[in-house]
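A quick write-up on the structure given underneath.
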Amino acid sequence: MAVVLTIRDVPEEVRDLLAQQARERGQSLQAYLLAVLNRQADFCRNRQLLAELSDELDGGSGGAGPTASDAADLLARSRAERDFPDSAPSGRDVA
5 MAVVLTIRDV PEEVRDLLAQ QARERGQSLQ AYLLAVLNRQ ADFCRNRQLL AELSDELDGG
65 SGGAGPTASD AADLLARSRA ERDFPDSAPS GRDVA
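Next comes the structure, spelled out in structure tokens:
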């Protein structure tokens, strides 16, 4: 569900600069600011995920270990799930 945010006391110069950026991208100020907020939220989620992964790697044996999945395989599957959720590969066979 979407919510409405109101930001008070924005300096006119800041508003003008943001509106200029929006115009240069062919967007309304609202669309531009929504994109900025979405990028910031993505950044926060990524930082949180990296912190969790770091804690996980630091917590146990001090590293991934010999039974860890291949990093390239994990990246490929993660990107496929992100970009093509209906056709993501289930993994690759490793000999």
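So for the sequence shown, the numbering used here puts the first residue at 5; every next one is plus one. Beta carbons are placed, not taken as given, at the ideal position from N, Cα and C, and that holds for glycine. In this text, all values refer to a predicted model and were calculated from it rather than measured experimentally.
The alpha-carbon separation between T10 and A75 amounts to approximately 43 Å.
Nearest to L21 by alpha-carbon distance, out of L37, R86, L57, A6, is L37. Using a Cβ distance threshold of 8 Å, L33 and A23 count as a contacting pair. DSSP, reduced to helix, strand and coil, places F88 outside both helices and strands of the structure shown, so it counts as coil.
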